[in-house]
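Peer 1: Numbering-wise (full-length UniProt numbering), the sequence shown opens with residue 1 and increments by one.
The beta-carbon is built from N, C-alpha and C at its ideal position, and this holds for glycine as well.
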Amino acid sequence: ASQESIFLASRYLDNKVIDSLFTAMNRGINNKGIIARDNLENKFNKLELLLSPSLVLSIIQYFSDPEIGDSMREGNVPFSFCIIDSKHCFFELPSMGTHAFSIAFFVEDEEIGARFTKTFNSLWEIAESKSMPKFLQLLNRKA
């Protein structure tokens with residue numbers, strides 16, 4: 001479990017990953033994420049999220065935070081990667097020509113962590129602040 005920070009750049013959304021990030025946030029872990037553009041608007045992702053009502057409520061609460069731009073942005077994510085505590089690095093080797101998941105690797109190294117953090121920070125600077133996805137805005141109005 002993370003002790004200090006989690007930086008996630010992802011082309012995919014997974015309920016378990018989202019739930020883990022919320023758990024870490026609730027523990028006070030510094031948490032930043034960049035989600036690939038239009039990822040939350042994807043029909044499959046909408047369906048998967050709607051099948052987990054407690055997760056939908058957590059996401060609505062998260063996106064309702066006026067400071068969301070400090071922890072979540074939307075931008076270009078060439079491949080998915082995650083840096084935990086500046087040294088635990090997960091990264092994907094994407095499939096050639098598609099956006100399908102191929103294989104992922106884990107490396108525990110502070111120098112590699114620093115390089116991934118530099119890449120994350122570069123992507124973070126050009127990413128846009130995230131607002132609540134339209135379909136969640138509709139759910140929030142009905143709640």
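With a cut-off of 8 Å on the beta carbons, I'd call F91 and A104 a contact; round off their distance for me.
Peer 2: Stepping through the sequence shown from its first residue, residue 91 is reached at position 91. Stepping through the sequence shown from its first residue, residue 104 is reached at position 104. That belief holds up - the Cβ atoms of F91 and A104 are roughly 7 Å apart, short of 8 Å.
Peer 1: Could you have a look at R11 and say whether DSSP puts it in helix, strand or coil?
Peer 2: If you number the sequence shown from 1, residue 11 lands on position 11. In this structure, R11 counts as coil in the three-state DSSP scheme.
Peer 1: Considering only the beta carbon of each residue, do A9 and V77 sit closer than 9 Å?
Peer 2: As a position in the sequence shown, residue 9 is number 9, starting the count at 1. As a position in the sequence shown, residue 77 is number 77, starting the count at 1. Result yes, Cβ atoms of A9 and V77 sit closer than 9 Å.
Peer 1: Just to confirm, is the Cβ distance from I34 to A127 under 9 Å?
Peer 2: Taking the first residue of the sequence shown as position 1, residue 34 is located at position 34. Taking the first residue of the sequence shown as position 1, residue 127 is located at position 127. Against a cut-off of 9 Å, the Cβ pair of A127 and I34 comes out as a contact.
Peer 1: Can you check whether the CB of S71 is closer than 9 Å to the CB of N26?
Peer 2: Numbered from its first residue, the sequence shown carries residue 26 at position 26. Numbered from its first residue, the sequence shown carries residue 71 at position 71. Not closer than 9 Å, so no.
Peer 1: Taking the C-alpha atoms as reference points, what is the distance between S95 and F106?
Peer 2: Residue numbering aside, residue 95 sits at position 95 when the sequence shown is read from its first letter. Residue numbering aside, residue 106 sits at position 106 when the sequence shown is read from its first letter. So the alpha carbons of these two residues sit roughly 17 Å apart.
Peer 1: Report back the beta-carbon spacing between V89 and F81 to the nearest angstrom; my notes put them in contact at under 8 Å.
Peer 2: Numbered from its first residue, the sequence shown carries residue 89 at position 89. Numbered from its first residue, the sequence shown carries residue 81 at position 81. One point to set straight first is that residue 89 is Cys, not Val, in the sequence displayed. Between F81 and C89 the Cβ distance is about 7 Å, and since that is below 8 Å, they are a contact.
Peer 1: Might you give, ordered along the chain, the residues of its own chain that have their beta carbon closer than 6 Å to the beta carbon of I112, omitting 5 neighbours on each side?
Peer 2: What you label residue 112 is simply residue 112 of the sequence shown in a count that begins at 1. Answer for I112: C89, listed in chain order.
Peer 1: Kindly list the residues whose CB is nearer than 8 Å to the CB of T117, restricted to its own chain and excluding five residues on each side of it in sequence; keep chain order.
Peer 2: In the sequence shown, counting from the first residue as 1, residue 117 sits at position 117. Excluding positions up to five away in sequence, the list reads F7, I83, S86.
Peer 1: Pick helix, strand or coil for K32, following the three-state DSSP scheme.
Peer 2: Looking up residue 32 in the sequence shown gives position 32. Correct three-state label for K32: strand.
Peer 1: Quick one: grab the DSSP three-state call for V17.
Peer 2: Taking the first residue of the sequence shown as 1, we reach residue 17 at position 17. Helix, per DSSP.
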